[in-house]
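Peer 1:
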Amino acid sequence: MKRNFFDVLLLLVFVFVFQACTEPEPNIGDEPQHLFLTWKDDPTSTMVIDFHTVPEQEAKPVLRYRLQGDKKWQKAEGQSFPFPHHVLNVHRIELNQLKDGRNYEFKFWGYDRIYQFRTISRDFSKPLRFATGGDNLHHRPWMDSVNIAVMAYDPDFIVMGGDLAYANGDPENIFKWDTWFASLKETLISPEGRVIPMLVGIGNHEVQREFKDIMSRVIGGEEDQEAKDFQITEEMRLQYAPFFYNLFAFVGQPGYGVMDFGNFLSIVILDTDHTNSIDGPQLKWLEETLSARQGTQHIIPVYHVPGYPSHRDFNGKTQIRVRQHFMPLFEKYGVKVAFENHDHAYKRTHPIRAGEVVDKNEGIVYIGDGAWGQNVRSTHQDTWYMARNESYHHAIIVTLEGDHMDFKMVNKEGVVFDAYHIP
Ligand SMILES: [Fe+2]
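In terms of this note's numbering, the sequence shown is residues 1 to 423.
#1: Short of 7 Å in beta carbon distance, which residues of its chain neighbour Phe230, apart from the five on each side in sequence? Order them along the chain.
#2: Confirm the yes/no value for this check: CB of Asn246, any heavy atom of ligand 1, distance under 6 Å.
#3: Apart from the five residues just before and just after Gln33, which ones in its own chain have a Cβ nearer than 7 Å to its Cβ?
#4: Could you have a look at Lys185 and say whether DSSP puts it in helix, strand or coil?
#5: So what's Asn27 in DSSP terms, helix, strand or just coil?
#6: Val358 lies in the alpha helix (DSSP H); which residues open and close that run?
#7: Less than 7 Å separating the beta-carbons of Arg113 and Asp178?
#8: Report the CB separation of Met386 from Pro197 in whole angstroms; it is logged as a contact under 8 Å.
#9: Going by DSSP, which residues form a beta bridge with Lys408?
#10: Taking the runs of the alpha helix (DSSP H) that are 4 residues or longer, which of them lie wholly in the stretch 312-355?
#11: Terminal residues of the continuous alpha helix (DSSP H) containing Phe243?
#12: What is the DSSP secondary structure of Arg217, reduced to helix, strand or coil?
#13: Using 7 Å as the threshold, is the C-beta distance between Val302 and Ile269 below it?
#14: Using three-state DSSP, classify Val87 as helix, strand or coil.
#15: Determine which residues share a DSSP beta bridge with Arg64 and list them.
#16: Exposed or buried, which one is Ser125 when buried takes at least 16 other CB atoms within 10 Å?
#17: Measure the alpha-carbon distance for Glu413 versus Pro24 and round it to whole angstroms.
#18: For my contact list, Asn375 and Ser310 are in at a C-beta cut-off of 8 Å; report their separation, rounded to the angstrom.
#19: So, helix, strand or coil for Phe211, using DSSP?
#20: Our contact map puts Leu238 next to Thr38 with C-beta atoms below 8 Å; I'd like the distance itself, whole angstroms only.
#21: Any chance the CB of Asn204 is under 6 Å from a heavy atom of ligand 1?
#22: Assuming Leu67 and Phe108 are in contact, meaning their beta carbons sit under 8 Å apart, how far apart are those beta carbons, in whole angstroms?
#23: Taking the alpha-carbon of Arg348 as reference, which of Pro306, Leu98, Ile189 has the nearest alpha-carbon?
#24: Any contact of the stretch 370-384 with the stretch 126-138, i.e. 3+ C-beta pairs under 8 Å?
#25: Provide the residue(s) that pair with Val376 in DSSP beta bridges, ordered along the chain.
#26: In three-state terms, what does DSSP make of Ala167?
#27: Indicate the three-state DSSP secondary structure (helix, strand or coil) for Thr53 in the structure shown.
#28: In or out: Gln294 buried (at least 16 other Cβ within 10 Å) or exposed?
#29: So does the stretch 400-418 actually touch the stretch 156-175, counting three or more Cβ pairs closer than 8 Å?
#30: Kindly indicate the opening and closing residues of the beta strand (DSSP E) around Ser391.
#31: Identify, in the order they occur along the chain, each residue of the same chain with its Cβ nearer than 6 Å to the Cβ of Ala249, setting aside the five sequence neighbours on each side.
#32: Can you tell which of Ile120, Lys176, Phe417 has the C-alpha that lies nearest to the C-alpha of Ile158?
#33: On the three-state DSSP scale, how would you describe Phe175?
What follows is the structure, encoded as structure tokens:
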């Protein structure tokens with residue numbers, strides 16, 4: 001009797017496991033609504049893959065992936081959560097223990113299309129290339145054109161310095177995120193299906209307008225210690241910048257962070273008074289982060305509001321705070337170039353140190369100013385710090401090889417209109 005009971009139990013377990021393993025994969029469609037690739041950890045061995053689906057599609061946070069050329073697929077599972085204020089579901093899957101410098105193929109559970117991604121090589125004697133810019137979406141054809149211009153350079157990844165969809169954290173602007181993600185899906189995937197990973201920073205248009213009152217309290221006056229001690233919580237950031245903090249695994253909370261490519265490159269993403277005070281805990285973190293990377297070949301800060309603006313007033317409050325607090329640390333720890341955004345024009349400064357133009361290799365060059373897809377603005381004429389400025393839509397193509405940094409500025413027609421290199 002006892003034997004029979006265990007036999008039946010074993011059979012039931014076997015049937016359950018067999019069913020679970022052979023659950024038929026539905027045919028939901030060719031592609032999900034949106035997809036987005038980024039890194040939270042080592043870009044040579046990991047990848048974070050998000051995809052967004054409508055509820056009717058009954059998608060699961062599951063994908064299959066394999067090294068290009070392998071026959072056998074591996075399965076990976078992640079988590080699902082709601083796209084804030086939208087009908088869509090977000091599915092996030094983190095892949096680890098990948099081989100460096102290799103192409104992988106992947107497909108989502110229930111969908112047909114096979115995509116690719118490429119991990120970063122640990123052999124940093126090879127050139128590493130990324131594109132950067134900001135202020136993406138006003139007129140989708142402009143954003144698409146700059147995306148297409150960037151793809152001609154086969155970048156390893158893209159860094160966006162804030163003001164992505166211009167949704168202002170507002171549920172009524174959810175359609176702008178649909179447009180932003182559609183632009184990525186249609187123009188930032190190579191003909192072979194390679195999806196370009198992206199690192200994103202925060203801009204003023206990621207945050208609800210009401211939050212400005214809270215921020216002005218936090219920033220406070222010179223003597224306002226109570227305001228300086230005011231704590232912005234994770235919950236507040238999620239409430240007032242719901243899309244930025246939910247939709248992107250990196251930079252994530254608290255809104256600033258660093259991505260290390262071995263000890264060859266560190267991209268330092270900062271928050272210019274949007275959800276973190278420039279001179280609050282972020283500044284202490286910045287000093288510790290830069291100090292801990294003194295053996296790193298290239299340290300490149302990327303942030304939204306320019307310390308050396310091309311359109312706005314040099315004496316604007318945030319501009320002054322960027323120069324006063326961030327820039328002395330950049331100078332102390334050997335930064336050679338920083339990328340700024342927000343002004344919707346192109347600028348490249350002379351090398352600057354301690355607020356003065358200095359010889360090449362003695363100062364920092366600031367390149368920006370965020371005109372990927374926004375209306376371009378007029379620029380200052382004959383400003384002392386400006387080496388070049390233009391009212392062009394553009395992206396900056398950065399190629400790093402050894403200690404050499406090469407910059408090509410490409411406009412939305414795909415024309416290189418400015419170039420610079422260090423040393
Ligand atoms: Fe902005």
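In this text, a Cβ means the ideal position worked out from N, Cα and C, and glycines have one as well.
Note that the structure is a prediction, hence the values are computed from the model and not measured.
Peer 2: Looking at the coordinates:
#1: Arg217, Val218
#2: no
#3: His52, Thr53, Val54, Leu88
#4: helix
#5: Look at Asn27 here: in three-state DSSP terms it is coil, with no helix or strand label.
#6: It is not in any alpha helix (DSSP H) - Val358 carries neither H nor E in the DSSP assignment.
#7: Taking 7 Å as the Cβ cut-off, Arg113 and Asp178 do not qualify as a contacting pair.
#8: At roughly 32 Å, the Cβ-Cβ gap does not stay under 8 Å, so Met386 and Pro197 are not in contact.
#9: For Lys408, which the question treats as bridged, DSSP gives the partners Ile397, Ala419.
#10: 317-321, 327-332
#11: DSSP places Phe243 in the uninterrupted alpha helix (DSSP H) bounded by 242-247.
#12: helix
#13: yes
#14: coil
#15: Lys75, Lys107
#16: exposed
#17: 47 Å
#18: Not a contact, Cβ separation roughly 14 Å.
#19: helix
#20: With a Cβ gap of about 18 Å, Leu238 and Thr38 do not count as contacting.
#21: Yes, the beta carbon of Asn204 sits closer than 6 Å to at least one heavy atom of ligand 1.
#22: The C-beta distance from Leu67 to Phe108 rounds to 18 Å, too long to meet the 8 Å contact threshold.
#23: Pro306
#24: yes
#25: Per DSSP, none; premise fails for Val376.
#26: The three-state reading of DSSP puts Ala167 in coil, since its state is none of H, G, I, E or B.
#27: strand
#28: Under this definition Gln294 is an exposed residue.
#29: Result no; under three Cβ-Cβ pairs closer than 8 Å.
#30: Premise fails: Ser391 is in no beta strand (DSSP E) and is neither H nor E.
#31: For Ala249, where only same-chain residues beyond five positions count, the Cβ hits under 6 Å are Thr38, Lys40, Val48.
#32: Ile120
#33: helix
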